[in-house]
Ligand SMILES: Nc1ncnc2c1ncn2[C@@H]1O[C@H](COP(=O)(O)OP(=O)(O)O)[C@@H](O)[C@H]1O
Ligand SMILES: [Mg+2]
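Numbering (UniProt numbering), first residue to last: 1 to 502.
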């Protein structure tokens, strides 16, 4: 019979006769019951018959984190017998225009660990949702290989206490929890005075957390769980993060102080569990979920919701989620009032807010006699920066100051004439440089920030003719009319108008 007459064509018989990949896969996924810990401990005891083996879950005693903070050393040891198993991946930056970085998840790794002049052997393994550490130590006086090791116990207790001590640190979750002194220092500098916001919103924001932490008894009296969730949303660069930092600062000044837990990224389900386990232990506390759309993904959403409103007791937890894209959020987050019951919009600054921001810089620069920055410049500066976010405004000032510091030519006079520049203002070097930088930044905004009034005119949709409106690329954008109404604008990705909410 010729090959073509066979019902199935054999594509290749050249494979070897050993176990095929699927068999291996099937074998490893269909064990009746696999308690990996029992297996690993047994095998470690056989491999190191003279040492005490201690299993330590990572959640509240993280040996590598302790070493990373400088309190111990952990030297990776890779040999043929103890190879490393890892995933290498790319972690994109959550901020536009910044580079991401390579990331590594180690599923099997071995370390020489030193703490307090004591040496340990340590293995770290991740299996499913479990992240386990195996610490090996020689027995001391009176100890046998099956007893617990007094030295290892001391290490566990030290790390455990260190992980929950909130002295001058902010807890940051980025694959695991660390205590960041750096962020704490930044937070000490953050101040509500530096945040320009609609006064009523600022008032609401500055009081909401204090009220929450003061009213445990009220929640108890009404028999409702003492927890709340807020969402800060709006286009990038308009104060969500600095407001959170100012809020953290205020909470640290309370007595007793309220610790802040800051989640940068937690894409895996076992991360979500680690985040909430720790947050529960730290209550009352503030839990920040920055860029929540990168934390709650279709893969882990049900797990997340279970942690937020399942059976676990989250009393004393104030959660603030931030997003630049409210309309892209999982409706389970944005439309279920029991989870995140209050939303705060941080829109692009209005004209008057831009004036205030320019004046803020003027006051900042008063100490520099080399820079002439009279108050009369503020309004014209605000005028030429419509549709700028606060972050873009900041960029304009910083770039301007750099140009002046380097003694570069702040821009030619002809250019101003072309732009319809104002002759009186032109005499100020600062204004000339600022104007040139604004022009450059506007080009940079290019496709990512089509000034909406231009688009409105072209599409003939926005007939009210708002003078100050935000740039957008599709998706949602928020802006404010000059008379202060906050507007949420939504367009689909082709730029076609879908809806607006005032
Ligand atoms: N409302 C504001 N008032 C004063 N400065 C602001 C404001 N919003 C943003 N900025 C400036 O822009 C920078 C970026 O703002 P950020 O709070 O990180 O924005 P986002 O809303 O994207 O979290 C801040 O560090 C601050 O310098
Ligand atoms: Mg932010």
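Here a beta-carbon is modelled for each residue, glycine too, at the ideal position from N, C-alpha and C. Here the structure is a predicted model, which means the values were calculated and not measured.
- Task: Return the Cβ separation of residue 504 and residue 187 in integer angstroms, given the expectation that the two are a contact with Cβ distance under 8 Å.
- Result: Outside the shown range of the chain, which is 1 to 502, sits residue 504, and nothing can be said about it.
- Could you check what DSSP says for residue 177 in three-state terms: helix, strand or coil? The residue you call residue 177 lines up with position 177 of the chain shown. Strand at residue 177.
- Query: How is the alpha helix (DSSP H) around residue 242 delimited, first residue to last?
  - Reply: Translated into the one-based positions of the chain shown, residue 242 becomes position 242. It spans 240 to 252 - the alpha helix (DSSP H) in which residue 242 sits, taken as one unbroken run.
- For residue 292, I'd like the list of residues in its chain whose CB is within less than 6 Å of its CB, leaving aside the five on either flank, ordered along the chain. Sequence index remark: in the chain shown, residue 292 carries index 292 (1-based). Its chain contains 321 and 323 as the residues whose beta carbon lies nearer than 6 Å to that of residue 292, once the 5 sequence neighbours on both sides are disregarded; these appear in chain order.
- Message: Distance check for residue 30 and residue 20, CA to CA, integer angstroms please.
- Response: Here residue 20 refers to the residue found at position 20 when the chain shown is read from its first residue. Here residue 30 refers to the residue found at position 30 when the chain shown is read from its first residue. Between residue 20 and residue 30, the C-alpha separation is close to 16 Å.
- Message: Please output, in chain order, the residues near ligand 1 using a CB cut-off of less than 5 Å to any non-hydrogen atom of the ligand.
- Response: Residues whose Cβ lies closer than 5 Å to any heavy atom of ligand 1, listed in chain order: 195, 196, 236, 237, 238, 239, 240, 241, 242, 390, 391 and 394.
- Message: For residue 108, which residues in the same chain have their Cβ closer than 7 Å to its Cβ, ignoring the five residues on either side in sequence?
- Response: Counting from 1 along the chain shown, the entry for residue 108 is found at position 108. The residues are 84, 85 and 125.
- Can you have a look at residue 298 and say buried or exposed, based on whether 16 or more other CB atoms are within 10 angstroms of its CB? As a first step, residue 298 is located in the chain shown; it is residue number 298 there, counting from the start. When all chains shown are included, residue 298 counts as exposed.
- Simplified DSSP assignment, three categories, for residue 202: For the purposes of this step, residue 202 is identified with residue 202 of the chain shown, where counting begins at 1. Taken through DSSP and simplified to helix, strand or coil, residue 202 comes out as helix.
- Message: Could you give the first and the last residue of the continuous beta strand (DSSP E) run that contains residue 57?
- Response: Counted from its first residue, the chain shown places residue 57 at position 57. Where residue 57 is concerned, the enclosing beta strand (DSSP E) stretches over 52 to 57.
- Between residue 113 and residue 63, is the Cβ-Cβ spacing less than 8 Å? Against the chain shown, residue 113 aligns to sequence position 113. Against the chain shown, residue 63 aligns to sequence position 63. Less than 8 Å separates the beta-carbon of residue 113 from that of residue 63.
- Message: Please tell me whether residue 226 and residue 316 are closer than 8 Å, where the distance is taken between their beta carbons.
- Response: Here residue 226 refers to the residue found at position 226 of the chain shown. Here residue 316 refers to the residue found at position 316 of the chain shown. It is a contact, given that the beta carbons lie within the stated cut-off.
- Item | Between the CA atoms of residue 42 and residue 79 - distance to the nearest angstrom | Residue numbering aside, residue 79 sits at position 79 when the chain shown is read from its first letter. Residue numbering aside, residue 42 sits at position 42 when the chain shown is read from its first letter. Taking the CA atoms as reference points, residue 79 sits about 21 Å from residue 42.
- Message: If the criterion is Cβ atoms closer than 8 Å, does the pair residue 347 and residue 357 meet it?
- Response: Sequence index remark: in the chain shown, residue 347 carries index 347 (1-based). Sequence index remark: in the chain shown, residue 357 carries index 357 (1-based). Not in contact: residue 347 and residue 357 (Cβ atoms no closer than 8 Å).
- Message: Can you determine whether any heavy atom of ligand 2 sits closer than 7 Å to the C-beta of residue 290, and answer yes or no?
- Response: Here residue 290 refers to the residue found at position 290 of the chain shown. In this structure, residue 290 has its beta carbon less than 7 Å from a heavy atom of ligand 2.
- Query: Exposed or buried, residue 353, counting other C-beta atoms within 10 Å across all chains shown (16 or more means buried)?
  - Reply: Within the chain shown, residue 353 is the residue found at index 353, counting from 1. Answer is buried; the Cβ neighbour count reaches 16.
- Query: Can you name the residues that DSSP bridges to residue 124?
  - Reply: Stepping through the chain shown from its first residue, residue 124 is reached at position 124. 109 and 133.
- Compute the Euclidean distance between the alpha carbons of residue 244 and residue 169, then round it to the nearest angstrom. Your numbering for residue 244 matches position 244 in the chain shown. Your numbering for residue 169 matches position 169 in the chain shown. So the two alpha carbons sit approximately 15 Å from each other.
- Query: Three-state secondary structure (DSSP) at residue 20?
  - Reply: Residue mapping note: residue 20 aligns to position 20 of the chain shown, counting from 1. Looking at residue 20 - three-state DSSP - the assignment turns out to be coil, as it is neither helix nor strand.
- Task: State buried or exposed for residue 344, treating a residue as buried only when at least 16 other CB atoms are found within 10 Å of its CB.
- Result: Residue numbering aside, residue 344 sits at position 344 when the chain shown is read from its first letter. Answer is buried; the Cβ neighbour count reaches 16.
- Three CB pairs or more closer than 8 Å across the stretch 272 to 286 and the stretch 301 to 309: Result yes; three or more Cβ-Cβ pairs closer than 8 Å.
- Query: Applying the criterion that 16 or more other CB atoms from any shown protein chain within 10 Å of the CB defines a buried residue, is residue 477 buried or exposed?
  - Reply: Residue numbering aside, residue 477 sits at position 477 when the chain shown is read from its first letter. Because the pLDDT at residue 477 is just 42, under 50, the model does not fix this residue reliably, and the value given afterwards should be weighed accordingly. Buried, by the Cβ-count rule.
- Task: Throw me the rounded Cβ distance for the residue 295 and residue 266 pair, which I believe falls under 8 Å.
- Result: The residue given as residue 295 occupies position 295 in the chain shown. The residue given as residue 266 occupies position 266 in the chain shown. Yes, they are in contact, since the Cβ atoms of residue 295 and residue 266 sit about 5 Å apart, within 8 Å.
- Supposed close pair residue 338, residue 326 - CB separation, criterion 8 Å: The sequence position of residue 338 within the chain shown is 338, counting from 1. The sequence position of residue 326 within the chain shown is 326, counting from 1. Incorrect: roughly 18 Å between the Cβ atoms, too far for contact.
- residue 278 bridges to which residues according to DSSP? Indexing the chain shown from 1 puts residue 278 at position 278. Residue 278 is not bridged by DSSP to any residue.
- Tell me, please, which residues DSSP counts as bridged to residue 86. Working through the chain shown from its first residue, we reach residue 86 at position 86. Answer by DSSP bridge pairing, in chain order: 106.
- Reduced DSSP category for residue 66 - H, G, I as helix; E, B as strand; rest coil: Here residue 66 refers to the residue found at position 66 when the chain shown is read from its first residue. In this structure, DSSP gives residue 66 a helical state, which the three-state scheme calls helix.
- Is residue 344 helix, strand or coil when you go by DSSP? Residue numbering aside, residue 344 sits at position 344 when the chain shown is read from its first letter. Looking at residue 344 - three-state DSSP - the assignment turns out to be strand.
- Tell me whether residue 206 counts as near ligand 2, meaning its Cβ is closer than 7 Å to at least one heavy atom of that ligand. In the chain shown, residue 206 corresponds to position 206, counting from 1. Not a single heavy atom of ligand 2 lies less than 7 Å from the C-beta of residue 206.
- Task: Starting from the C-beta of residue 57, find all residues in its chain whose C-beta is less than 7 Å away, skip the five residues before and the five after it, and write them out in chain order.
- Result: Mapped onto the chain shown, residue 57 falls at position 57. The residues are 132.
- Message: So, does the stretch 185 to 202 touch the stretch 212 to 229, judging by three or more C-beta pairs under 8 Å?
- Response: Judged by Cβ distances under 8 Å, the stretch 185 to 202 makes no contact with the stretch 212 to 229, as fewer than three pairs qualify.
- Query: Looking at the unbroken alpha helix (DSSP H) that takes in residue 45, where does it start and where does it end?
  - Reply: In the chain shown, counting from the first residue as 1, residue 45 sits at position 45. First-last of the alpha helix (DSSP H) with residue 45: 36 to 47.
- Cut-off 6 Å between Cβ atoms - residues of its own chain near residue 384, not counting five sequence neighbours on either side: Locating residue 384 in the chain shown gives position 384, counting from the first residue. Cβ neighbours of residue 384 beyond the five flanking positions: 438.
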